[in-house]
Each structure stands twice: as C-alpha cells, then as structure tokens.
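What follows is a set of notes on a single structure, which appears directly below.
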Amino acid sequence: IKVELEFQSHSSFAEDSNFYRFELTPTVDETFLVSEERKYVTTDWRSYGPPAHESSLYDERNERSADDRWHGVGYFVYESIAHWMVYHFHDTSPTAPMRRSEIVEDNQRLRNNGSNIAPFLLRLKQSESLHRYYQEVVNATRLILPFFDDFRLDVFQQGGADKVKLSWQQKGSDYPLQPYHLSDGSIRFICLATALLQPNPPSAIVIDEPELGLHPEAIRILAELITDAAQRTQVILVTQSPLLIDQFAIDDIVVVNRKDGQSTFERLSEQDFSEWLEDYSVGELWTRNVIQGGTSDV
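Under my numbering, think of the first position of the sequence shown as 261, with each following residue one higher.
This is how it looks when you write it as structure tokens:
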C-alpha cells in the first residue's frame with residue numbers, strides 16, 4: 261500500500277511555485293518508509309535519493325547556495341509544513357488541559373489542545389500592539405455568552421512558578437468564576453475563537469469537527485470567524501454538520517469518500533448543483549445525500 265501526496269507551496273521569495281511529492285510505504289515493523297521523494301525544479305521532477313526512514317526536507321532546509329538570499333524548494337516546503345497546526349479541542353472534561361493552570365511564559369503559540377489558552381490570552385491582553393486581538397476574542401465570546409463580561413487571568417504562584425488559568429467574570433458581578441463554571445461548548449468556543457483570531461496564525465489551520473457541543477447560533481458566529489481567518493491563512497475543517505456546511509458556498513466543500521479501498525477527495529462545483537440550490541440549502545443537500553458523502557452500498 262502506498263500513500264502519494266503532492267504539495268504546492270508558494271512564497272513571495274520564490275519566483276515560481278514549489279512542488280513536492282512523496283510516497284510512503286508501510287514496513288513490517290509498523291512504521292513507514294519514504295520510498296520516493298521528489299521536487300519539481302524548473303521543468304522536471306528530481307529525486308532526492310534512495311528510500312529512507314526520514315525525509316530529506318530538513319537537510320535541504322539548512323542548505324544555501326553561494327548567494328545567501330537563495331533557498332531551494334525544500335526550504336519553502338519545510339517552512340510551510342512546520343507551521344501547520346491541527347487544533348483538537350474535544351477534551352473539555354474537568355481535568356482537560358484548557359481548564360488547568362499553565363505557566364505564564366508559555367504564551368507565544370496557542371497549543372493544539374488549548375492547554376496554554378490562559379497565558380496566551382494574557383499576553384494579548386497585556387500587549388499594547390496585540391490588545392485588539394484580545395478584545396476581538398472577548399467580543400466574540402460575548403456574542404454566544406451574553407452574561408460574559410471579561411477574562412480575569414490573574415497570575416498566582418504555584419510550585420515556585422507564576423501561573424495563570426482561564427478565570428472570568430460575568431456581568432453585574434465581581435465574583436471570580438473558574439474554568440469549571442464554563443460549559444463544554446462555551447470553553448470549546450473560546451479556544452476556537454482564540455485560534456481563529458490570533459494575530460500571527462499558522463500557515464495552515466486544521467480543525468476537527470469544530471461544531472461539537474455548540475449552540476446553532478454559536479455555529480453561525482464560528483463560521484464568520486472561519487471566513488475572516490481564511491483571509492489571512494488557509495483554514496481546513498473536518499465536519500459532518502449540515503448547519504456548519506450551510507454557512508459556506510458549495511465551492512468551498514471537498515467531499516471525502518472511500519472508493520476502491522482508498523480515500524478520494526472531490527471538490528464540489530456550484531454548476532453541478534445549480535438546480536438543486538434553487539430549492540435547497542447546501543446543508544439540506546448533504547442531509548438528503550444529494551451531496552454523496554454518507555453511507556452507501558458501494
């Protein structure tokens with residue numbers, strides 16, 4: 261069994277797009293072998309060399325020609341992939357990382373599970389240049405939690421370190437509410453809003469089923485945040501929610517199906533569904549299996 265991917269990275273530092281392709285082959289010890297690795301240079305594909313357990317991208321990333329301003333294909337591909345972020349905010353249990361305290365220094369990049377949501381927000385709140393991003397998160401939270409006033413994010417000492425947790429206050433009260441006072445959907449939305457509104461987003465944001473536990477109105481607001489974030493970076497969502505799908509154009513949707521023992525990806529075209537869209541929404545077409553991505557006898 262082989263997995264073949266083709267990657268295209270475009271950078272303002274390069275005159276042309278950078279194409280990269282590799283194939284993975286499973287081994288008997290349940291690992292993968294990079295059986296083929298190629299880059300597209302000028303007019304043809306060039307091989308990186310014999311099969312190996314590690315990609316050659318990292319080594320090429322550190323190579324430069326005599327002209328220090330020049331970088332190869334591997335540099336741009338590696339730099340782009342290294343800054344992808346897959347967010348997974350499913351764990352909202354009482355002991356979930358996002359509900360626990362974290363050291364204030366862990367504030368530069370939002371973790372994939374939201375474990376440093378408090379110090380990350382604290383940094384935005386205290387920075388004059390970044391405060392507007394903090395305020396956007398607060399405003400978005402108020403839209404789905406009308407009683408929410410602001411985050412407190414008080415710093416305290418624990419085990420010899422300065423820590424902070426996602427404490428907050430509601431309107432009309434000065435009582436410091438704790439992370440466990442937030443419902444699963446509420447704290448998940450706060451993490452999603454922070455990820456989508458962060459000042460320096462990753463080169464690609466991937467979110468698995470962002471609609472889980474959210475009120476229908478929160479899903480609509482979430483879609484607006486996603487649309488805005490997509491103007492600054494690439495956003496990829498994995499969802500089966502008709503309501504979330506309804507917030508986007510049909511051209512934005514890629515349907516994943518399993519055919520002949522492999523996953524296939526098909527981008528939809530509005531032209532193919534124009535007659536259906538006169539009477540039904542995109543979400544309704546998904547529910548009725550007109551957009552075929554559900555169970556089948558094939």
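Every residue gets a Cβ at the ideal spot worked out from N, C-alpha and C, and that includes glycine. Everything numeric in this text was worked out from a predicted model, so none of it was measured.
Annotation for Ile467: the continuous beta strand (DSSP E) segment containing it runs Ala464 to Asp468. At a Cβ-Cβ threshold of 9 Å, Gln494 and Ala453 do not count as neighbours.
Counting only residues of its own chain and dropping the five nearest sequence neighbours on each side, Phe349 has a CB closer than 6 Å to the CB of Gly374, Arg448 and Cys451. With contacts defined as CB atoms closer than 9 Å, Val516 and Ile467 fail to qualify as a contacting pair. Pairing Leu426 with Met345 gives a Cβ-Cβ distance that is not under 9 Å. By the beta-carbon neighbour count (other beta carbons within 10 angstroms, threshold 16), Ser446 is buried.
In the three-state reduction of the DSSP assignment, Ser340 falls in the helix class. Shown here, Ile363 sits in a strand according to DSSP, grouped into three states. Remark: C-beta atoms of Glu469 and Ser501 approach each other more closely than 9 Å.
The Cβ atoms of Gln507 and Ala483 lie closer than 9 Å to each other. Around the Cβ of Lys519, a 10 Å sphere holds fewer than 16 other Cβ atoms; the residue is exposed.
If you draw a straight line from the Cα of Asp410 to the Cα of Leu284, it comes to about 48 Å.
Linking Asp539 to Arg492 through their CA atoms gives a straight-line distance of about 33 Å.
Boundaries of the alpha helix (DSSP H) around Val542: Val542 to Thr547.
Shown here, Asn399 sits in a helix according to DSSP, grouped into three states.
Within the DSSP secondary-structure output, Arg383 pairs in no beta bridge. Counting the other Cβ atoms within 10 Å of the Cβ of Phe292 gives fewer than 16, which makes it exposed. Comparing alpha carbon positions, the residue from Ile481, Arg321 and Asp366 closest to Leu403 is Ile481. Residue pairing of Val424 in beta bridges, as defined by DSSP: Glu362 and Val415.
Here Tyr308 is not near Phe279, since their CB atoms are 9 Å or more apart. If you draw a straight line from the Cα of Leu381 to the Cα of Arg371, it comes to about 12 Å. Relative to the Cα of Arg281, the nearest Cα in the group Ser353, Arg306, Pro439 and Asn549 belongs to Arg306. Counted as a single uninterrupted DSSP element, the alpha helix (DSSP H) harbouring Ser446 occupies residues Asp444 to Leu457.
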